[in-house]
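For the sequence shown, my numbering assigns the number 20 to the initial residue and increments by one for each residue that follows. In this text, a Cβ means the ideal position worked out from N, Cα and C, and glycines have one as well. Here is the structure we will look at.
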Amino acid sequence: MGSAERCGDPSLRSTAKEVPFRRRVSSAADGIRTVAIELLGVLDAQGLTKGDACKTVRNNEGLCYNIEVCPLLQRVASILKNDQTARELRETLSRVLQKSVCGYDESLPLVCCPKDGIIEPPAAKHEFVDRCVSGSYHGKIVGGSPAEVGSWPWAATLGIDDGGLIVEKCGGTLIADGWILTAAHCVVKETVLGDHDIFNLTDVRHIDYPPKRVIPHPQYRIPESRSNDIALIEFDNSQGYTDAIFPACLPFELTGTLEGHTPFAIGWGTVGFKQPQSDVLREVQLTVISNSVCEGIFKRFKDASITEQHLCAYQEGKDTCQGDSGGGLFLPIVDPEDPGRLEFQVIGVVSFGFRCGVSGFPGVYTRVTEYLDWIEQHIN
Numbered sequence: 020m021g022s023a024e025r026c027g028d029p030s031l032r033s034t035a036k037e038v039p040f041r042r043r044v045s046s047a048a049d050g051i052r053t054v055a056i057e058l059l060g061v062l063d064a065q066g067l068t069k070g071d072a073c074k075t076v077r078n079n080e081g082l083c084y085n086i087e088v089c090p091l092l093q094r095v096a097s098i099l100k101n102d103q104t105a106r107e108l109r110e111t112l113s114r115v116l117q118k119s120v121c122g123y124d125e126s127l128p129l130v131c132c133p134k135d136g137i138i139e140p141p142a143a144k145h146e147f148v149d150r151c152v153s154g155s156y157h158g159k160i161v162g163g164s165p166a167e168v169g170s171w172p173w174a175a176t177l178g179i180d181d182g183g184l185i186v187e188k189c190g191g192t193l194i195a196d197g198w199i200l201t202a203a204h205c206v207v208k209e210t211v212l213g214d215h216d217i218f219n220l221t222d223v224r225h226i227d228y229p230p231k232r233v234i235p236h237p238q239y240r241i242p243e244s245r246s247n248d249i250a251l252i253e254f255d256n257s258q259g260y261t262d263a264i265f266p267a268c269l270p271f272e273l274t275g276t277l278e279g280h281t282p283f284a285i286g287w288g289t290v291g292f293k294q295p296q297s298d299v300l301r302e303v304q305l306t307v308i309s310n311s312v313c314e315g316i317f318k319r320f321k322d323a324s325i326t327e328q329h330l331c332a333y334q335e336g337k338d339t340c341q342g343d344s345g346g347g348l349f350l351p352i353v354d355p356e357d358p359g360r361l362e363f364q365v366i367g368v369v370s371f372g373f374r375c376g377v378s379g380f381p382g383v384y385t386r387v388t389e390y391l392d393w394i395e396q397h398i399n
């Protein structure tokens, strides 16, 4: 596999060079600006003006600009804007955003954004990526919202051969060079990376990859089993990484049940039970609930066994749906030793549920932390 590389949005590598420094007008940007003003507007700044050199919270070289052109701090502000964000995470992210203020453009705060977009990680512990800094977030899965183009560069859509026609049926997550994580119940013929609008044939960001190997978990059994619903897909990544294609992180350091955490689910699945498939990538934030509560719900209606290999997540009116199977559930993590680093780690793989967005029914995910040894065994 060669040396490890850092995961996350590659646009962070070249923010200052490739992203025009202009205000983006959108409702999402307005929301981010509002959060930034509320958090930063009353602080003493460094007295810099737009475009001045500055030091980031990690003491790296940066440029003082509006938050709309800084993907990392956009992500921070957007998560703060979400009412479901956990208190501890909210407090940490607030400090990061407050320490980033460098000046004002009239009444609007400016932030110090990494000049070249790169925040160097410590030496990797694995041959594949296990650390990342993610790009901007603007929050359809059921009850969710369209994702901003390029905000989830590790998202894959998987096609099934339907009589010679490739039909988009499942999702997946790029986790290493040439490797995608998905669900075992997804039968894969072709893999598409970097896509945003799957019906836009002129979308030049995406690349089609036929799989070399599909490796379902050896203890997954069809159709009676809902356990071990996880698989790896190996493909030839001769194209390498691009601005739209970059791997996510694996949760090597996460422990516990994760109950109460608020991860993000993404996918191109249907926007409701038996409804049309979404043509653009969508995202939704959910809350992890206890396995005991989850099992009690499904035992009454579907006789499904929820084990420690499962993870359940729920938010009223929001859910993954048909076509989202195999896609990832991503938890934002702030490095306590490096508050300038925001990591998104894949903690779940969409497995099953009851219809879509039905009140009281969570979605069930394969818990990735239970399968890290199996993943490493194949990738390394």
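query, result
"In chain order, what residues of the same chain lie with their CB nearer than 6 angstroms to the CB of Lys118, ignoring the 5 residues before and after it?", "Val76"
"Taking buried to mean at least 16 other C-beta atoms within 10 Å of its own C-beta, is Ser309 buried or exposed?", "exposed"
"Closest by CA to Ala174, which one among Val95, Gln364, Gly372, Arg386?", "Gln364"
"Rounding to the nearest angstrom, what Cα-Cα distance links Arg52 and Ala284 in this structure?", "Because Arg52 carries a pLDDT of 46, less than 50, the predicted location of this residue cannot be relied on, and the following value inherits that uncertainty. Going from the Cα of Arg52 to the Cα of Ala284 covers about 24 angstroms."
"Under the assumption that Ile366 contacts Leu348 (Cβ atoms under 8 angstroms), give the Cβ distance between them as a whole number of angstroms.", "6 angstroms"
"Hey, Ile394 and Leu277 are a contact pair by Cβ (cut 8 angstroms); roughly how many whole angstroms apart?", "Not quite, the Cβ-Cβ distance comes to about 18 angstroms (not below 8 angstroms), so this is no contact."
"Determine the contact status of Cys132 and Leu193, defining contact as a CB-CB distance below 8 angstroms.", "no"
"Does DSSP put Asp71 in a helix, in a strand, or in coil?", "coil"
"Note down, in chain order, each residue of its chain lying with its Cβ closer than 7 angstroms to the Cβ of Ile352, except the 5 sequence neighbours on either side.", "Glu362, Gln364"
"At the level of alpha carbons, what is the spacing between Gly9 and Arg319?", "Residue 9 falls outside the range modelled here, since the chain spans only 20 to 399, and no answer is possible."
"Buried or exposed: where does Pro90 fall if 16 or more other Cβ atoms within 10 Å of its Cβ makes it buried?", "buried"
"What is the rounded straight-line gap between the Cα of Gly190 and the Cα of Thr281?", "20 angstroms"
"Just curious, the beta strand (DSSP E) that Ile325 is in, first and last residue?", "Element bounds for Ile325: n/a, residue is neither H nor E."
"So which of Asn247, Ile249, Glu253, Tyr239 has the shortest CA-CA distance to Pro229?", "Glu253"
"Using three-state DSSP, classify Ser370 as helix, strand or coil.", "strand"
"Go ahead and pull the three-state DSSP assignment for Phe363.", "strand"
"Ends of the alpha helix (DSSP H) at Arg301?", "Per DSSP, Arg301 belongs to no alpha helix (DSSP H); it is in the beta strand (DSSP E), 301-304."
"Among the residues of its own chain, which have a CB less than 6 angstroms from the CB of Glu314, if the five just before and after it don't count?", "Ile325"
"Quick check on the DSSP output: the beta strand (DSSP E) that includes Trp173 runs from which residue to which?", "No beta strand (DSSP E) holds Trp173; DSSP gives it neither H nor E."
"Determine the burial state of Asp312: buried for a count of at least 16 other Cβ atoms within 10 Å of its Cβ, exposed for fewer.", "Per the sequence presented here, residue 312 reads as Val, with Asp not at that position. With fewer than 16 Cβ atoms within 10 Å of its Cβ, Val312 is classed as exposed."
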